[in-house]
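Those letters in the sequence shown? Residues -1 to 330, by our numbering.
Here the structure comes first, spelled out in structure tokens, and everything after it is commentary.
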Amino acid sequence: MALPDVLSRPLALPVVAAPMFISSVPDLVIAQCQAGVVGSFPALNARPSSLLADWLDRIVEENGAYARTHPDAPVAPFAVNQIVHRSNDRLDHDMNVIVEHRVPIVITSLGARPEINDAVHSYGGIVLHDVISNEFARKAIDKGADGIIAVAAGAGGHAGTQSPLALIREIRDWFDGPLLLSGAIAHGRSILAALAAGADFAYIGSAFLSTVEANAAPAYKQMIVDSTAKDIIYSNLFTGVHGNYLRGSIVAARLDPDDLPESDPSAIRRASARRLRRPRERTPTTRPLALSCPGSAVGQAVTPSWAARSGRSTARRTACRRRSFRPCLQPR
């Protein structure tokens, strides 16, 4: 199956930047798009909700102006992430804004809903749904999603435990549409590995967390730069859904990262815009992380080589490394 038109445009890299809680803001999205990779942000990052339309207007305006003055440089499209779980009390409002602005790509998480897909399709947009298993991938496509984001072991934030090679293979056995791979991808060689495994795009988040444009505190960015894969902890304590988190943030919250209690899976907190706006009463099953604003969700691809740089230079540096490693895919 051919890729949808919006994903068939020339890109500097076959990369979709993952929407990162708090950290992904217009400055970062614009830098990503102008560097030739698909930029994205969670709709819930725009707070209050009235800010969402302003963000979309700015992204469209600045990317359009850049494209006019740099006709030879590919400007990638952008995406907005929607949490479709029932706890997202902004979903209807945000979808109306997305439809009004004809957002080209919508990434859905924590639930697959046909009416959301239909709304995006009504103006010609596409829906990519993130999953942690082949079973969820089938359900998403059955409900009308256009593509799949396979969130494998090692990915930042809500992630599965399945090997990326196994997960991609299972999905590719029956699905020939757009397929993205997420999980500890941050370098050119890793992007090539994702393509060789059967993905159309790499889905990269953590590599952009320490960039200048990311909405993160300097201390948090430095913590990321100083960390390695051994500093990533897999837990469901903080949202009710298992995910990967930075050891340093857990320690800063005065918790023992090696002895975290289990949370009630029904206690999903991330999707509730009301809970994002103001503190709520604490429960035994969910606790906010110190330094979790901006989020402590980080994948295993963290590396000390991530000195702070711009999102644009991060993408371009990765592109150079990918070109250098391209011979790795040639027959020997």
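For glycine and all other residues, C-beta sits at the position ideal for the given N, C-alpha and C.
Two segments are said to touch when three or more pairs of C-beta atoms, one from each, lie closer than 8 Å; by this definition the stretch 38 to 45 does not touch the stretch 224 to 234.
According to the DSSP assignment, His119 belongs to the alpha helix (DSSP H) that extends over 112 to 119. The beta carbons of Ala51 and His99 sit closer together than 8 Å. Here Thr106 is bridged, per DSSP, to Gln80, His127.
Residue environment analysis places Arg66 among the exposed positions, since fewer than 16 neighbouring C-beta atoms fall within 10 angstroms of its C-beta.
Shown here for Ala192: same chain residues with a beta carbon closer than 7 Å to its own, the five before and five after excluded, namely Leu179, Ile183, Ala200 in chain order. Fewer than three beta-carbon pairs drawn from the stretch 241 to 254 and the stretch 159 to 169 are found closer than 8 Å, and the two stretches are therefore not classed as touching. The beta carbon of Ala71 sits closer than 6 Å to none of the beta carbons in its chain outside the five residues before and after it. In this structure Val296 is in contact with Leu244, their Cβ atoms being roughly 5 Å apart against a cut-off of 8 Å.
Annotated three-state conformation of His91 is helix, per DSSP. Counting along the chain, Leu163 sits inside the alpha helix (DSSP H) bounded by residues 162 to 170. If only complete runs of 3 or more residues are kept, the stretch 186 to 246 shows the beta strand (DSSP E) at 199 to 202, 230 to 233, 241 to 244, in order along the chain. If you ignore the 5 residues before and after Asp198, its C-beta comes within less than 6 Å of the C-beta of Pro176, Leu177, all in its own chain and listed in chain order. In the three-state reduction of the DSSP assignment, Pro259 falls in the coil class. Just measuring C-alpha positions, the residue of Val14, Glu260, Arg170 sitting nearest Thr237 is Glu260. Residue burial annotation: Tyr121 is exposed, with fewer than 16 other C-beta atoms found within 10 angstroms of its C-beta. Less than 8 Å divides the Cβ of Asn61 from the Cβ of Cys31.
Counting the other Cβ atoms within 10 Å of the Cβ of Leu49 gives fewer than 16, which makes it exposed. By the C-beta density criterion, Trp172 is exposed, having fewer than 16 other C-beta atoms within 10 angstroms.
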